[in-house]
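Trainee:
Chains as they are written, first to last, in this note's numbering: chain A, 155 to 562; chain B, 7 to 171.
1) Taking Cβ positions, are residue 253 of chain A and residue 372 of chain A nearer each other than 9 Å?
2) Of all the beta strand (DSSP E) runs that stay within the bounds of the region 302 to 389 of chain A, which reach a length of 3 or more residues?
3) What is the C-beta distance between residue 103 of chain A and residue 356 of chain A, in whole angstroms, given that I count them as a contact (C-beta under 8 Å)?
4) Give a yes or no on whether 9 Å exceeds the smallest Cβ distance from residue 84 of chain B to chain A.
5) Compile a chain-ordered list of the residues in the region 109 to 142 of chain B whose CB is closer than 9 Å to at least one CB of chain A.
6) My output table needs one value for residue 125 of chain B: the three-state DSSP class, helix, strand or coil.
7) When the Cα of residue 230 of chain A is compared with those of A:369, A:250 and A:207, which residue comes out closest?
8) Let me know if residue 105 of chain B comes out buried or exposed under the rule of 16 or more other beta-carbons within 10 Å of its beta-carbon.
9) Residue ranges of each beta strand (DSSP E) run of no fewer than 3 residues wholly in the region 469 to 531 of chain A, ordered along the chain?
10) Examine the ligand NAD and report whether any of its heavy atoms sits within less than 8 Å of the Cβ of residue 274 of chain A.
11) Cβ of residue 276 of chain A less than 9 Å from any chain B Cβ?
12) Please check if any C-beta of chain B sits within less than 9 Å of the C-beta of residue 328 of chain A.
13) Within a Cβ cutoff of 7 Å, which residues of the same chain sit near residue 275 of chain A, ignoring the five residues on either side of it in sequence?
14) Hey, how far is the Cα of residue 128 of chain B from the Cα of residue 380 of chain A?
15) Output, in chain order, the set of chain B residues within a Cβ distance shorter than 7 Å of residue 527 of chain A.
16) According to the neighbour-count rule (16 or more other Cβ atoms, all chains shown, within 10 Å of its Cβ), is residue 36 of chain B buried or exposed?
17) So with CB distances below 7 Å, who are the chain A contacts of residue 93 of chain B?
18) Along the chain, where does the alpha helix (DSSP H) containing residue 68 of chain B start, and where does it finish?
19) Please tell me whether residue 271 of chain A and residue 302 of chain A are closer than 9 Å, where the distance is taken between their beta carbons.
20) Closer than 8 Å by C-beta to residue 360 of chain A: which residues in its own chain qualify, once you throw out the five before and the five after it? Chain order, please.
21) Closer than 9 Å, CB to CB, is residue 371 of chain A near chain B or not?
22) On the DSSP bridge list, what partners appear for residue 418 of chain A?
23) Looking at the structure shown, is residue 60 of chain B part of a helix, part of a strand, or coil, going by DSSP?
24) Let's test the definition: count the other Cβ atoms within 10 Å of the Cβ of residue 358 of chain A and tell me whether it reaches 16, buried, or not, exposed.
25) Going straight from the alpha carbon of residue 154 of chain B to that of residue 65 of chain B, what length do you get?
26) So, at 8 Å on beta carbons, what are the nonlocal neighbours of residue 159 of chain B in its own chain, with the 5 sequence-adjacent residues on each side left out?
27) For the region 474 to 485 of chain A, which residues have a beta carbon sitting closer than 9 Å to at least one beta carbon of chain B?
28) Taking residue 480 of chain A and residue 532 of chain A to be in contact with their CB atoms under 8 Å, please state how far apart those CB atoms are, rounded to whole angstroms.
29) Taking Cβ-Cβ distances shorter than 7 Å, what residues in chain B pair up with residue 471 of chain A?
30) Suppose you measure from the CA of residue 102 of chain B to the CA of residue 278 of chain A; what does that come to, to the nearest Å?
31) What does a CB cutoff of less than 6 Å around residue 151 of chain B pick up in its chain, not counting 5 residues either side in sequence?
32) When you check each C-beta in the region 489 to 505 of chain A against every C-beta of chain B, which residues fall closer than 7 Å?
33) Return the chain-ordered list of same chain residues with a C-beta closer than 7 Å to the C-beta of residue 261 of chain A, the five sequence neighbours on each side being excluded.
34) List the residues that DSSP assigns as beta-bridge partners of residue 464 of chain A.
35) Kindly say whether residue 182 of chain A, judged by its beta-carbon, lies nearer than 9 Å to any beta-carbon of chain B.
36) State the beta-bridge partners of residue 445 of chain A as determined by DSSP.
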């Protein structure tokens with residue numbers, strides 16, 4: 155028997171079956187259900203997102219997503235060996251882990267805090283979920299939904315911080331105001347940014363509070379805690395009709411949102427590229443972001459010495475011909491670090507530079523790591539006053555690389 | 007399997023069914039390294055538009071419905087639409103394109119999981135924001151735009167390029 159012919163035959167049958175399925179779908183006139191099923195299927199795609207943090211004892215904690223569950227594991231040797239992963243959500247959920255989405259993990263004073271976004275039935279809809287462990291990661295509390303609006307709409311792109319008092323803050327982008335406007339037949343530009351706070355360490359959250367209306371729909375939020383224990387949130391805002399520059403606000407109930415960036419990027423589209431924020435122990439705010447405005451484009455860094463009211467003239471960094479992306483800023487006192495991705499046509503490199511004077515002057519960019527296939531974005535974490543690059547790649551797996559060894 | 011002749015005959019019969027079925031559902035080509043150059047060089051000296059979109063981009067759907075109208079109004083418009091979704095999402099992309107029925111427009115779907123590599127070949131200065139549209143004029147002039155386009159601007163370009171008044 156001609157094996158090639160046989161193989162061809164089955165391939166042909168396969169093709170016809172697919173076509174029949176497509177046409178059947180068409181006849182059924184059920185594109186809505188079809189799209190919803192496909193959204194669900196897309197949620198099941200494997201995720202490269204790994205979020206890491208150190209606890210006070212130097213133990214590295216990692217959160218990742220696999221088969222509809224968030225998993226948490228730890229390492230006592232900087233990631234070389236890891237504990238068996240423990241499920242956060244016992245019940246299977248669609249957990250968003252692509253693009254701007256990833257699980258968040260913070261470990262403070264023996265408590266492990268986890269937040270993530272759960273994809274719902276409709277395309278681009280989600281809920282903000284939270285869980286914690288008080289037994290050293292052996293078990294996690296049943297996840298709770300943090301958004302108190304329960305429409306099947308977008309509540310996504312969460313960021314989380316825990317302050318010294320053990321208050322848990324979660325901010326996210328929320329389309330409830332857009333939904334309300336649409337029901338009244340009114341127009342509403344973009345989404346809104348909301349937050350919720352827990353005073354009891356995450357057992358329950360207080361009512362949701364709106365920070366601002368008219369924010370860019372699909373760029374992640376970022377959060378950092380100020381020296382007075384109040385968190386500061388940064389997001390991509392929509393100014394005027396479609397200027398998508400950044401804004402920030404402190405969640406102290408007194409600060410109105412302030413404009414952080416002024417590139418005037420006029421785009422009716424989805425940049426899928428959110429900002430980064432770090433607040434130093436001396437109270438200096440450090441922010442990094444991306445813009446593709448015709449005149450001012452690429453990656454930017456600026457700092458503020460007056461709690462975000464005014465920022466330094468932005469520093470444009472990265473090689474604009476190499477698609478610099480995913481900037482992440484991190485401070486340890488007056489040392490500040492920036493990492494980002496660049497692509498040379500074949501390989502993705504993680505580049506870094508550092509400042510020893512609170513962001514006033516910077517080292518020459520240096521390539522820290524690279525990979526030849528897809529990868530997560532780079533993040534910075536610290537332990538024992540040292541900064542580390544935390545990066546996951548498809549080919550090499552998870553890597554933890556100490557920053558600034560050569561230039562200390 | 008004693009009757010290879012019969013099997014071969016059946017195989018040919020089945021294969022012959024494919025072209026019509028494929029045409030009916032609109033062919034979506036795999037966009038790999040070199041595809042962009044292939045699209046552009048096949049159209050040397052002629053005006054055309056390449057539009058990049060994805061399933062997760064709301065503004066892209068609005069723009070696709072604009073193109074749906076434009077390809078009817080201007081049958082001469084040479085439009086190429088490329089989905090930046092994963093190749094595994096072919097069925098979903100195909101279903102969406104059926105809804106927007108873009109006539110004879112060429113349709114493609116990213117078929118390399120390393121989308122950075124594909125984008126680098128298309129335009130080093132494109133960061134993946136969507137929708138992204140490239141206009142190629144007959145005179146060799148090109149324009150790149152991020153975000154939803156204004157219909158009047160696109161119509162003006164079409165009229166200029168195809169000599170319509």
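Quick reminder that beta carbons are idealized off the backbone N, C-alpha and C, glycines included. In this text, all values refer to a predicted model and were calculated from it rather than measured experimentally.
Mentor: Based on what the coordinates show:
1) Sequence index remark: in the first chain, residue 253 of chain A carries index 99 (1-based). Sequence index remark: in the first chain, residue 372 of chain A carries index 218 (1-based). Cβ atoms of residue 253 of chain A and residue 372 of chain A: closer than 9 Å.
2) 309 to 316, 322 to 328, 345 to 352, 363 to 369 and 376 to 379
3) Chain A is shown from 155 up to 562; residue 103 of chain A falls before or after that span and cannot be answered.
4) Start at 1 with the first residue of the second chain, and residue 84 of chain B comes out as number 78. By this cut-off, residue 84 of chain B is not an interface position.
5) 119, 120, 121, 122, 123, 125, 126, 127, 130, 131, 132, 133, 134, 135, 136, 137 and 138
6) One-based indexing of the second chain puts residue 125 of chain B at position 119. Residue 125 of chain B: helix per DSSP, three-state reduction.
7) Along the first chain, read from residue 1 onward, the residue named residue 230 of chain A stands at position 76. Cα-wise, what sits closest to residue 230 of chain A is A:207.
8) Locating residue 105 of chain B in the second chain gives position 99, counting from the first residue. It is exposed - the Cβ of residue 105 of chain B has fewer than 16 other Cβ atoms within 10 Å.
9) 469 to 471, 479 to 486, 489 to 497, 502 to 509 and 520 to 525
10) Inclusion of the ligand NAD in the displayed structure is not the case, the ligand content being empty and no account of it being possible.
11) For the purposes of this step, residue 276 of chain A is taken as residue 122 along the first chain, with counting starting at 1. Judged by the 9 Å Cβ criterion, residue 276 of chain A is not in contact with chain B.
12) By 1-based counting over the first chain, the position of residue 328 of chain A is 174. Cβ-Cβ to chain B under 9 Å: no for residue 328 of chain A.
13) Taking the first residue of the first chain as 1, we reach residue 275 of chain A at position 121. Excluding residues within five positions, the ones whose Cβ falls inside 7 Å are 190 and 306.
14) The sequence position of residue 128 of chain B within the second chain is 122, counting from 1. The sequence position of residue 380 of chain A within the first chain is 226, counting from 1. Going from the Cα of residue 128 of chain B to the Cα of residue 380 of chain A covers about 42 Å.
15) Mapped onto the first chain, residue 527 of chain A falls at position 373. What residue 527 of chain A touches in chain B: 120.
16) Position 30 of the second chain, counted from the first residue, corresponds to residue 36 of chain B. Under this definition residue 36 of chain B is an exposed residue.
17) To locate residue 93 of chain B, count along the second chain from 1; it is residue 87. Correct list: empty, because the minimum Cβ distance to chain A is about 12 Å.
18) Along the second chain, read from residue 1 onward, the residue named residue 68 of chain B stands at position 62. Looking at the DSSP string, the run of the alpha helix (DSSP H) that includes residue 68 of chain B is 64 to 79.
19) The sequence position of residue 271 of chain A within the first chain is 117, counting from 1. The sequence position of residue 302 of chain A within the first chain is 148, counting from 1. Not in contact: residue 271 of chain A and residue 302 of chain A (Cβ atoms no closer than 9 Å).
20) For the purposes of this step, residue 360 of chain A is taken as residue 206 along the first chain, with counting starting at 1. Hits under 8 Å: 350, 351, 352 and 353.
21) Start at 1 with the first residue of the first chain, and residue 371 of chain A comes out as number 217. Chain B contact via Cβ: present.
22) Here the question's residue 418 of chain A lines up with position 264 in the first chain. Its beta-bridge partners do not exist; DSSP assigns none.
23) On the second chain, residue 60 of chain B is found 54 positions in, with the first residue counted as 1. Here residue 60 of chain B sits in coil by DSSP.
24) As a working mapping, residue 358 of chain A is identified with position 204 in the first chain. Answer is exposed; the Cβ neighbour count stays below 16.
25) Numbered from its first residue, the second chain carries residue 154 of chain B at position 148. Numbered from its first residue, the second chain carries residue 65 of chain B at position 59. If I take the Cα positions, the gap works out to 6 Å.
26) Translated into the one-based positions of the second chain, residue 159 of chain B becomes position 153. Taken in chain order, the list of residues that qualify is empty.
27) 474, 475, 476, 477, 478 and 479
28) Within the first chain, numbered from 1, the residue matching residue 480 of chain A stands at position 326. Within the first chain, numbered from 1, the residue matching residue 532 of chain A stands at position 378. Indeed they touch by this definition, with Cβ atoms about 6 Å apart.
29) Translated into the one-based positions of the first chain, residue 471 of chain A becomes position 317. Within 7 Å Cβ-Cβ: nothing; residue 471 of chain A doesn't reach chain B, min ~15 Å.
30) Numbered from 1 along the second chain, position 96 holds the residue referred to as residue 102 of chain B. Numbered from 1 along the first chain, position 124 holds the residue referred to as residue 278 of chain A. Near 15 Å, if we compare the C-alpha coordinates of residue 278 of chain A and residue 102 of chain B.
31) If you number the second chain from 1, residue 151 of chain B lands on position 145. So the qualifying residues of the chain are 139.
32) 497, 499 and 502
33) Translated into positions along the first chain, residue 261 of chain A becomes position 107. Around residue 261 of chain A: 207, 209 and 215.
34) Mapped onto the first chain, residue 464 of chain A falls at position 310. Residue 464 of chain A is not bridged to any residue.
35) What you label residue 182 of chain A is simply residue 28 of the first chain in a count that begins at 1. Legend: pLDDT at residue 182 of chain A = 37, less than 50; position of this residue unreliable, value from coordinates given subsequently. It does not; no Cβ of chain B falls within 9 Å.
36) Residue 445 of chain A sits at position 291 when you count from the first residue of the first chain. Residue 445 of chain A is bridged to A:452.
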